[in-house]
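Peer 1: Following full-length UniProt numbering from start to finish, the sequence shown increments by one per residue and tops out at 245. Ideal placement from N, C-alpha and C gives every residue a C-beta, glycine not left out. Being a predicted model, the structure only gives us computed values, none of them experimental.
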Amino acid sequence: MILRQIAINREKQPNAWYLEIPAIAQIAREPLRLTTDVTVIVGENGSGKSTLLEAVATSWGGIDPLGNPVRLPGAVKYWAPPPGREDTDLSWAVTFDAEHPRPSGGCFLRAEAMHQLFTAVDGRTPEQIFNGRLNERSHGESFLAFLAERDMERGLFILDEPEAALSFTSSLQLMAMLDALAAAGSQVIMATHSPVLAAFPGATILEFGEDGVSQRDWDDLEMVGHWQRFLTDPRAYLRHLFEAE
Numbered sequence: 001m002i003l004r005q006i007a008i009n010r011e012k013q014p015n016a017w018y019l020e021i022p023a024i025a026q027i028a029r030e031p032l033r034l035t036t037d038v039t040v041i042v043g044e045n046g047s048g049k050s051t052l053l054e055a056v057a058t059s060w061g062g063i064d065p066l067g068n069p070v071r072l073p074g075a076v077k078y079w080a081p082p083p084g085r086e087d088t089d090l091s092w093a094v095t096f097d098a099e100h101p102r103p104s105g106g107c108f109l110r111a112e113a114m115h116q117l118f119t120a121v122d123g124r125t126p127e128q129i130f131n132g133r134l135n136e137r138s139h140g141e142s143f144l145a146f147l148a149e150r151d152m153e154r155g156l157f158i159l160d161e162p163e164a165a166l167s168f169t170s171s172l173q174l175m176a177m178l179d180a181l182a183a184a185g186s187q188v189i190m191a192t193h194s195p196v197l198a199a200f201p202g203a204t205i206l207e208f209g210e211d212g213v214s215q216r217d218w219d220d221l222e223m224v225g226h227w228q229r230f231l232t233d234p235r236a237y238l239r240h241l242f243e244a245e
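#1: Consult DSSP for Ile6 and reduce its assignment to one of helix, strand or coil.
#2: Can you tell me where the alpha helix (DSSP H) holding Gln228 begins and where it ends?
#3: If I measure Cβ to Cβ from Phe230 and keep anything under 7 Å in the same chain, skipping five residues before and after, which residues do I get?
#4: Do Glu99 and Ile2 have their beta-carbon atoms positioned less than 8 Å apart in this structure?
#5: Return the chain-ordered list of same chain residues with a C-beta closer than 6 Å to the C-beta of Arg239, the five sequence neighbours on each side being excluded.
#6: Using the Cα positions of Ser104 and Leu159, report the straight-line distance between them to the nearest angstrom.
#7: Compute the Euclidean distance between the alpha carbons of Pro101 and Pro14, then round it to the nearest angstrom.
#8: Taking 8 Å as the threshold (C-beta atoms), are Thr39 and Ala176 in contact?
#9: Indicate the three-state DSSP secondary structure (helix, strand or coil) for Gln173 in the structure shown.
#10: Would you kindly work out how many angstroms separate the C-alpha atoms of Asp220 and Ala191, rounded to a whole number?
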């Protein structure tokens, strides 16, 4: 395992806002152990999924000579300087039990920042690498091409809600790509609202919620139950939304 454990040192920022999130507070008390090559994190909006993944991606490379965190390459939420020490940012408090030195591969991909990432990639990459410019394709096509064509050295791959860019079929393609990465020795951590991606064979599923962090089976996930019931009878859900009309 490249990354075996994620811990949070709450003493660095004992009054930080993120400690009010149940899942983050639990990890601050009990470090999160990762035991499989693919870990899927699910949970409602605001449950701490993106907060944790961005912190891991931001601090994964350690600290540079200027005292700034060395990020995983890829897309962060904003193209901006790293947070300063005065910021209440989880990246300053997160620590790892992991391989050292870090493997040179891996990346951080979040769907909401893909346009900025692809613009930067198009500006410095010969067109033949991706068989054309990424930003001249659909969002989903660009996303898959970026993963399929880049040099996939062994490393840590963090994906934050990639389903925003992907159709059902493209989601299956992504799963095949990630399986190939894991088979080659890489590690994947993925946050998702997609029951398709959450069904990744052999993955550990962690649910972030009001009770903290819980390991779940796919069949027991609340979102899976909701989707199954909705697809069986959409009107059972929708009539409550539109009954006033």
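Peer 2: On the basis of the data shown:
#1: Mapped onto the sequence shown, residue 6 falls at position 6. The answer is strand: DSSP assigns Ile6 an E or B state.
#2: By one-based count along the sequence shown, residue 228 stands at place 228. 222–232 is the span of the alpha helix (DSSP H), which, as asked, contains Gln228.
#3: To locate residue 230, count along the sequence shown from 1; it is residue 230. So the list reads Tyr237, once near-sequence residues are dropped.
#4: Along the sequence shown, one-based indexing puts residue 2 at 2. Along the sequence shown, one-based indexing puts residue 99 at 99. Contact: yes.
#5: As a first step, residue 239 must be located in the sequence shown, where it is residue number 239. Contacts found: none.
#6: Taking the sequence shown and counting its residues from 1, the one referred to as residue 104 is at position 104. Taking the sequence shown and counting its residues from 1, the one referred to as residue 159 is at position 159. Going by the C-alpha atoms only, they are around 17 Å apart.
#7: Here residue 101 refers to the residue found at position 101 when the sequence shown is read from its first residue. Here residue 14 refers to the residue found at position 14 when the sequence shown is read from its first residue. Their backbone Cα atoms lie some 30 Å apart in a straight line.
#8: In the sequence shown, counting from the first residue as 1, residue 176 sits at position 176. In the sequence shown, counting from the first residue as 1, residue 39 sits at position 39. No, these two residues do not count as a Cβ contact at 8 Å.
#9: Taking the sequence shown and counting its residues from 1, one reaches residue 173 at position 173. Helix at Gln173.
#10: Along the sequence shown, one-based indexing puts residue 220 at 220. Along the sequence shown, one-based indexing puts residue 191 at 191. Between Asp220 and Ala191, the C-alpha separation is close to 17 Å.
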